[in-house]
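Enquirer: Residue 354 in this note's numbering sits at position 34 of the sequence shown; the count goes up by one each step and never skips.
Ideal Cβ positions, reconstructed from N, Cα and C, are used throughout, including at glycine.
The structure presented is a predicted model; accordingly, all values stated were derived computationally and were not measured.
This is the structure, below, for whatever I ask next.
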Amino acid sequence: MTSTLAADAPPMLQPLRLRPVDALGLPLAAATAWVLVAGGADAAAVVALAAASLVAPALTRTDLSERRLPNALTLPLLAVAALAAAARLAAGDLSPLVGLACALLLLAMAAVGGLGMGDVKLGAGLALATATLGWAAPLVGLGASVVVGGLAGAAALAVGRRTVAFGPWLLVGCGIAVAAS
(Lines of atoms letter the chains of each structure in order from A and count residues from 1; the text may use other names and numbers.)
(Lines give C-alpha, C1' and ligand atoms only; values in the text may rest on other atoms or scores of the structure.)
Protein backbone atom coordinates (compact mmCIF):
# COMPACT_ATOMS: atom_id res chain seq x y z
CA MET A 1 0.00 0.00 0.00
CA THR A 2 2.87 2.39 0.64
CA SER A 3 4.11 2.10 -2.94
CA THR A 4 0.63 2.95 -4.22
CA LEU A 5 0.51 6.06 -2.04
CA ALA A 6 3.96 7.13 -3.19
CA ALA A 7 3.02 6.63 -6.83
CA ASP A 8 -0.19 8.64 -6.37
CA ALA A 9 1.50 11.46 -4.48
CA PRO A 10 1.92 14.82 -6.19
CA PRO A 11 5.41 15.25 -7.72
CA MET A 12 6.57 17.58 -4.93
CA LEU A 13 5.73 14.93 -2.29
CA GLN A 14 7.16 11.90 -4.06
CA PRO A 15 10.03 10.31 -2.16
CA LEU A 16 13.56 10.87 -3.37
CA ARG A 17 14.93 7.71 -4.93
CA LEU A 18 18.69 7.83 -5.28
CA ARG A 19 20.46 5.59 -7.78
CA PRO A 20 24.08 4.43 -7.89
CA VAL A 21 24.90 6.97 -10.62
CA ASP A 22 23.96 9.76 -8.20
CA ALA A 23 27.06 8.86 -6.15
CA LEU A 24 29.09 10.54 -8.91
CA GLY A 25 28.27 13.73 -7.04
CA LEU A 26 30.82 12.81 -4.37
CA PRO A 27 33.93 12.88 -6.58
CA LEU A 28 32.48 15.78 -8.56
CA ALA A 29 32.06 17.80 -5.35
CA ALA A 30 35.59 16.89 -4.23
CA ALA A 31 37.04 17.90 -7.60
CA THR A 32 35.08 21.16 -7.56
CA ALA A 33 36.32 21.99 -4.07
CA TRP A 34 39.90 21.15 -5.01
CA VAL A 35 39.83 23.32 -8.15
CA LEU A 36 38.25 26.23 -6.30
CA VAL A 37 40.70 26.04 -3.38
CA ALA A 38 43.62 25.78 -5.81
CA GLY A 39 42.24 28.83 -7.61
CA GLY A 40 42.11 30.86 -4.41
CA ALA A 41 38.37 30.78 -3.77
CA ASP A 42 37.18 31.33 -0.23
CA ALA A 43 35.08 29.01 1.93
CA ALA A 44 31.75 30.54 0.88
CA ALA A 45 32.41 29.77 -2.78
CA VAL A 46 33.88 26.33 -2.11
CA VAL A 47 30.99 25.16 0.08
CA ALA A 48 28.21 26.54 -2.14
CA LEU A 49 29.63 25.27 -5.42
CA ALA A 50 30.69 21.90 -4.00
CA ALA A 51 27.11 21.50 -2.75
CA ALA A 52 25.86 22.19 -6.27
CA SER A 53 28.28 19.61 -7.67
CA LEU A 54 27.20 17.06 -5.07
CA VAL A 55 23.55 17.12 -6.15
CA ALA A 56 24.14 17.69 -9.89
CA PRO A 57 24.08 14.02 -11.00
CA ALA A 58 20.89 13.22 -9.07
CA LEU A 59 19.17 16.38 -10.29
CA THR A 60 20.18 15.73 -13.89
CA ARG A 61 19.03 12.12 -13.82
CA THR A 62 15.73 12.93 -12.13
CA ASP A 63 14.90 15.86 -14.40
CA LEU A 64 15.71 13.90 -17.55
CA SER A 65 13.77 10.81 -16.51
CA GLU A 66 10.89 12.24 -14.46
CA ARG A 67 10.78 15.92 -15.49
CA ARG A 68 11.02 17.11 -11.92
CA LEU A 69 13.66 18.59 -9.64
CA PRO A 70 13.06 17.25 -6.13
CA ASN A 71 12.72 19.71 -3.26
CA ALA A 72 14.84 17.30 -1.19
CA LEU A 73 17.79 18.37 -3.39
CA THR A 74 16.96 21.89 -4.57
CA LEU A 75 15.94 23.40 -1.22
CA PRO A 76 19.11 22.40 0.70
CA LEU A 77 21.20 23.69 -2.20
CA LEU A 78 19.25 26.94 -2.17
CA ALA A 79 19.73 27.24 1.61
CA VAL A 80 23.50 26.67 1.40
CA ALA A 81 23.82 29.14 -1.48
CA ALA A 82 21.72 31.73 0.36
CA LEU A 83 23.96 31.40 3.44
CA ALA A 84 27.07 31.80 1.28
CA ALA A 85 25.54 34.83 -0.42
CA ALA A 86 24.58 36.31 2.96
CA ALA A 87 28.17 35.86 4.15
CA ARG A 88 29.35 37.75 1.06
CA LEU A 89 26.86 40.54 1.63
CA ALA A 90 27.90 40.79 5.29
CA ALA A 91 31.48 41.24 4.09
CA GLY A 92 30.39 44.13 1.86
CA ASP A 93 30.38 42.24 -1.46
CA LEU A 94 27.32 43.17 -3.53
CA SER A 95 27.74 40.32 -6.06
CA PRO A 96 24.93 38.28 -4.48
CA LEU A 97 22.50 41.00 -5.55
CA VAL A 98 23.24 40.03 -9.17
CA GLY A 99 22.54 36.40 -8.24
CA LEU A 100 19.27 37.49 -6.66
CA ALA A 101 18.37 39.44 -9.81
CA CYS A 102 18.99 36.30 -11.89
CA ALA A 103 16.74 34.34 -9.52
CA LEU A 104 13.99 36.95 -9.91
CA LEU A 105 14.34 36.76 -13.69
CA LEU A 106 13.83 32.99 -13.52
CA LEU A 107 10.76 33.53 -11.34
CA ALA A 108 9.38 35.97 -13.91
CA MET A 109 10.01 33.41 -16.65
CA ALA A 110 8.07 30.82 -14.64
CA ALA A 111 5.21 33.28 -14.14
CA VAL A 112 4.75 33.69 -17.90
CA GLY A 113 5.08 29.94 -18.49
CA GLY A 114 7.57 27.47 -19.85
CA LEU A 115 9.65 27.14 -16.69
CA GLY A 116 8.78 25.09 -13.64
CA MET A 117 9.27 26.05 -10.02
CA GLY A 118 11.89 23.32 -9.64
CA ASP A 119 13.91 25.13 -12.30
CA VAL A 120 13.41 28.40 -10.42
CA LYS A 121 14.62 26.92 -7.11
CA LEU A 122 17.61 25.24 -8.76
CA GLY A 123 18.45 28.32 -10.82
CA ALA A 124 18.20 30.58 -7.77
CA GLY A 125 20.53 28.32 -5.81
CA LEU A 126 23.02 28.19 -8.66
CA ALA A 127 22.87 31.95 -9.24
CA LEU A 128 23.54 32.67 -5.57
CA ALA A 129 26.29 30.04 -5.45
CA THR A 130 28.06 31.41 -8.53
CA ALA A 131 27.68 34.95 -7.20
CA THR A 132 30.30 33.98 -4.60
CA LEU A 133 32.77 34.12 -7.50
CA GLY A 134 31.87 37.70 -8.46
CA TRP A 135 29.10 39.68 -10.08
CA ALA A 136 29.68 38.36 -13.62
CA ALA A 137 29.47 34.66 -12.73
CA PRO A 138 25.68 34.42 -12.24
CA LEU A 139 25.13 36.36 -15.47
CA VAL A 140 27.47 34.04 -17.37
CA GLY A 141 25.79 31.01 -15.79
CA LEU A 142 22.27 32.11 -16.65
CA GLY A 143 23.26 33.23 -20.14
CA ALA A 144 25.07 29.97 -20.87
CA SER A 145 22.09 28.00 -19.52
CA VAL A 146 19.71 29.81 -21.85
CA VAL A 147 21.99 29.28 -24.85
CA VAL A 148 22.68 25.57 -24.31
CA GLY A 149 19.10 24.95 -23.17
CA GLY A 150 17.84 26.74 -26.25
CA LEU A 151 20.01 24.60 -28.49
CA ALA A 152 18.71 21.48 -26.73
CA GLY A 153 15.16 22.76 -27.17
CA ALA A 154 15.72 23.35 -30.88
CA ALA A 155 17.10 19.82 -31.24
CA ALA A 156 14.10 18.45 -29.34
CA LEU A 157 11.70 20.29 -31.64
CA ALA A 158 13.56 18.95 -34.67
CA VAL A 159 12.84 15.38 -33.54
CA GLY A 160 9.23 16.11 -32.61
CA ARG A 161 9.46 16.66 -28.85
CA ARG A 162 7.70 19.69 -27.43
CA THR A 163 9.53 20.04 -24.11
CA VAL A 164 13.03 19.76 -22.72
CA ALA A 165 14.24 19.38 -19.15
CA PHE A 166 15.94 22.67 -18.25
CA GLY A 167 17.59 21.61 -14.97
CA PRO A 168 20.57 19.91 -16.62
CA TRP A 169 21.21 23.04 -18.69
CA LEU A 170 21.10 25.22 -15.59
CA LEU A 171 23.79 22.97 -14.14
CA VAL A 172 25.85 23.14 -17.35
CA GLY A 173 25.57 26.93 -17.30
CA CYS A 174 26.80 26.96 -13.70
CA GLY A 175 29.77 24.80 -14.70
CA ILE A 176 30.57 27.19 -17.53
CA ALA A 177 30.39 30.14 -15.12
CA VAL A 178 32.75 28.43 -12.67
CA ALA A 179 35.18 27.56 -15.47
CA ALA A 180 35.05 31.12 -16.81
CA SER A 181 35.77 32.54 -13.36
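Hey, quick one: how far does the alpha helix (DSSP H) through residue 415 stretch, first residue to last?
Expert: Looking at the DSSP string, the run of the alpha helix (DSSP H) that includes residue 415 is 415-432.
Enquirer: Which of helix, strand or coil does DSSP assign to residue 463?
Expert: Helix at residue 463.
Enquirer: Rounded to whole angstroms, what's the CA-CA distance from residue 467 to residue 497? Just pull it up for me.
Expert: So the two alpha carbons sit approximately 13 Å from each other.
Enquirer: I want to check one thing, is the minimum distance from the CB of residue 395 to the heavy atoms of the ligand COA below 6 Å?
Expert: For the structure depicted, the ligand COA is absent and the ligand set is empty, with no information on it obtainable.
Enquirer: My assumption, with CB atoms under 8 Å, is that residue 372 sits in contact with residue 446. Please give the rounded CB distance.
Expert: Sure, about 6 Å apart at Cβ, within 8 Å.
Enquirer: Find the nearest neighbour of residue 482 within the set 387, 438 and 403, judged by alpha-carbon distance.
Expert: Nearest of 387, 438 and 403 to residue 482, Cα basis: 387.
Enquirer: Using the rule of at least 16 other Cβ atoms within 10 Å of the residue's Cβ for burial, across every protein chain shown, is residue 404 buried or exposed?
Expert: It counts as buried.
Enquirer: What is the DSSP secondary structure of residue 451, counted as helix, strand or coil?
Expert: Reduced to three states, the DSSP call for residue 451 is helix.
Enquirer: For the region 360-401, list the alpha helix (DSSP H) runs that are entirely contained and at least 4 residues long, ordered along the chain.
Expert: Here the runs fully enclosed are 363-386.
Enquirer: With DSSP run on the structure shown, which of helix, strand or coil describes residue 483?
Expert: The answer is coil: DSSP assigns residue 483 none of H, G, I, E or B.
Enquirer: What residues in its chain sit with their C-beta under 6 Å from that of residue 486, if we drop five residues either side in the sequence?
Expert: Cβ within range, chain order: 439 and 469.
Enquirer: For the alpha helix (DSSP H) containing residue 355, name the first residue and the last one.
Expert: Start and end: 345-358.
Enquirer: Can you tell which of 359, 351 and 368 has its C-alpha closest to the C-alpha of residue 451?
Expert: Closest option to residue 451, Cα to Cα, is 368.
Enquirer: Rounded C-beta distance between residue 419 and residue 458? I'm assuming under 8 Å.
Expert: The pair is a contact, with the Cβ atoms about 4 Å apart (cut-off 8 Å).
Enquirer: Am I right that residue 443 and residue 421 are in contact with their C-beta atoms under 8 Å? What's the rounded C-beta distance?
Expert: The pair is not a contact, with the Cβ atoms about 12 Å apart (cut-off 8 Å).
Enquirer: Starting from the C-beta of residue 461, find all residues in its chain whose C-beta is less than 7 Å away, skip the five residues before and the five after it, and write them out in chain order.
Expert: Here the set comprises 446, 447, 450, 493, 494, 496 and 497.
Enquirer: Mapping DSSP to helix, strand and coil, what is residue 335?
Expert: Coil at residue 335, not helix or strand.
Enquirer: Grouping DSSP H, G and I as helix and E and B as strand, with all else coil, what is residue 411?
Expert: Three-state result, residue 411: coil.
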